[in-house]
Amino acid sequence: MTTLDPDATEEQLVEIGRLTDRSGRRPGLKDGFSRLDLVNKGFRLLFSASWIWVEPHRISARAPQDWARIRDAAALDRWEHSWKESGSPTDANVFTPALLSDPNMHIYGRLAGDGFDAGCIVNRSPEAVGISNIFSLTGTPQAFRDAISLANIAFSPDVPLVGYDSGAALNEMTRLGFRSVGKLRIWLSDDGS
3 MTTLDPDATE
13 EQLVEIGRLT
23 DRSGRRPGLK
33 DGFSRLDLVN
43 KGFRLLFSAS
53 WIWVEPHRIS
63 ARAPQDWARI
73 RDAAALDRWE
83 HSWKESGSPT
93 DANVFTPALL
103 SDPNMHIYGR
113 LAGDGFDAGC
123 IVNRSPEAVG
133 ISNIFSLTGT
143 PQAFRDAISL
153 ANIAFSPDVP
163 LVGYDSGAAL
173 NEMTRLGFRS
183 VGKLRIWLSD
193 DGS
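If you read the sequence shown in this note's numbering, its first letter stands for residue 3, the second for the next number, and so on.
Rendered as structure tokens:
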């Protein structure tokens with residue numbers, strides 16, 4: 003569930019209650035404007051982050067070396083294992099093989115032995131290209147530059163690049179030209195589901 007209106011907090015709280023009643027459990031929730039306080043409503047804060055944005059810009063059409071698009075379930079399992087190893091906030095499996103058939107969603111990994119030592123996800127919408135889940139097991143900032151290159155190569159360099167990050171990742175994306183344009187929070191049920 004994702005909030006879409008920064009001023010509709012009361013309506014959102016009602017809808018969260020309705021959805022919880024219908025499904026018998028609390029949904030995961032992206033509070034896209036960091037407006038909801040759900041601590042006393044059975045949720046726990048997974049993390050806070052900043053929305054980021056950069057103007058469209060053209061880059062070289064050369065793909066970064068050793069990166070490949072993930073195209074099958076076995077590679078996706080290896081990719082997700084590396085993503086979790088890099089410090090994922092959850093142990094749950096998040097990425098399903100159905101994502102691989104979506105033409106607007108590309109998952110990339112930098113090959114290292116039988117697995118991946120870096121990765122990212124890029125997705126296209128009509129007005130922007132999103133970059134998310136950037137990781138690097140070697141701790142090098144090159145993965146962030148490579149993710150930007152992959153996003154521009156996979157989709158149009160004529161639309162803004164967007165995403166959200168926090169901490170060191172936010173600092174790196176800011177160094178690469180992104181700017182913070184708002185806050186968000188991710189909430190999960192506090193019952194462990």
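Glycine is no exception: its CB is placed at the ideal position from the N, C-alpha and C atoms.
Predicted model only: the values in this text are computed from it and were never measured.
- DSSP state of R173, grouped into three classes? As written in the sequence, residue 173 is Asn, which differs from the Arg given in the question. If DSSP states are grouped into helix, strand and coil, N173 belongs with the helices.
- Does the count of Cβ pairs from the region 74-89 and the region 20-37 closer than 8 Å reach three? no
- Task: Let me know if Q14 comes out buried or exposed under the rule of 16 or more other beta-carbons within 10 Å of its beta-carbon.
- Result: buried
- Item | Pairwise C-alpha distance: V124 and G132 | 5 Å
- Nearest-angstrom Cα separation, counted from D7 out to I109: 29 Å
- How should S168 be labelled, buried or exposed, when 16 other C-beta atoms within 10 angstroms of its C-beta is the threshold for buried? exposed
- Query: Are at least three pairs of beta-carbons, each pair with one atom in the region 50-59 and one in the region 183-190, less than 8 Å apart?
  - Reply: yes
- Item | Reduced DSSP secondary structure (H/G/I, E/B, other) of H83 | helix
- Task: Please classify R2: is it buried, with 16 or more other beta-carbons within 10 angstroms of its beta-carbon, or exposed?
- Result: The chain is shown only over 3 to 195; residue 2 falls outside these bounds and no answer can be derived.
- Given M175, which residues of its chain have a CB within under 7 Å of its CB, disregarding the five upstream and five downstream residues? I54, F146, D167
- Query: Rounded to a whole number of angstroms, what is the C-alpha to C-alpha distance between D23 and D68?
  - Reply: 47 Å
- Beta-carbon spacing of P99, A75 below 8 Å: yes
- Task: Starting from S138, follow the beta strand (DSSP E) in both directions and report where the run begins and ends.
- Result: 131-138
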